[in-house]
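Residues in the sequence shown are numbered consecutively from 1, following full-length UniProt numbering.
Presented below is the structure to which this report refers.
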Amino acid sequence: MHVLMEGVPKTVSLHEVGEQLAHTPGVIAVHDLHIWTLTSGMMALSAHLEVEALTNWPELLTLLRARLIHQHGIEQITLQPELRRPA
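Here it is in structure tokens:
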């Protein structure tokens, strides 16, 4: 039933993943973070990341994806970079 409702997996802490993403060099903030179970044993994540610059986005994306896969077992990952707008 939990899978049908696409709930947050019990093995992953939404807060911990968000903190890890936010404390990565080059990332300023994280919002609209969602983690859910697609099927038994397969998790998905989507998030918007405020970044310092887009010039290093390919390298940053590779680093973040590797961490999410190896440390949390999340394989379906969608990360949207956003530049911080001047105040």
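We put the CB at the ideal spot given by N, CA and C, even for glycine.
Since this is a predicted model, take the numbers as computed values, not measurements.
Tell me whether A53 is buried or exposed, calling it buried when 16 or more other Cβ atoms sit within 10 Å of its Cβ. Taking the sequence shown and counting its residues from 1, one reaches residue 53 at position 53. Of the other Cβ atoms in all chains shown, fewer than 16 fall within 10 Å of the Cβ of A53; this residue is therefore exposed.
Residues bridged to V27 by DSSP? In the sequence shown, counting from the first residue as 1, residue 27 sits at position 27. Residue pairing for V27: DSSP places it in a beta bridge opposite V51.
In the DSSP assignment, what are the bridge partners of L79? As a position in the sequence shown, residue 79 is number 79, starting the count at 1. A47, per the DSSP bridge assignment.
Over what stretch of residues does the alpha helix (DSSP H) that includes G18 continue unbroken? Translated into positions along the sequence shown, residue 18 becomes position 18. Element bounds for G18: L14 to A22.
Helix, strand or coil at T62 according to DSSP, with G and I counted as helix: By 1-based counting over the sequence shown, the position of residue 62 is 62. T62: helix per DSSP, three-state reduction.
M43: buried (16+ other C-beta within 10 angstroms of its C-beta) or exposed? The count along the sequence shown starts at 1 and reaches residue 43 at position 43. When all chains shown are included, M43 counts as buried.
Simplified DSSP state of V3, which is helix, strand or coil: Indexing the sequence shown from 1 puts residue 3 at position 3. Its pLDDT being 46, under 50, V3 is placed unreliably by the model, and the measurement read from it follows with that caveat. Looking at V3 - three-state DSSP - the assignment turns out to be coil, as it is neither helix nor strand.
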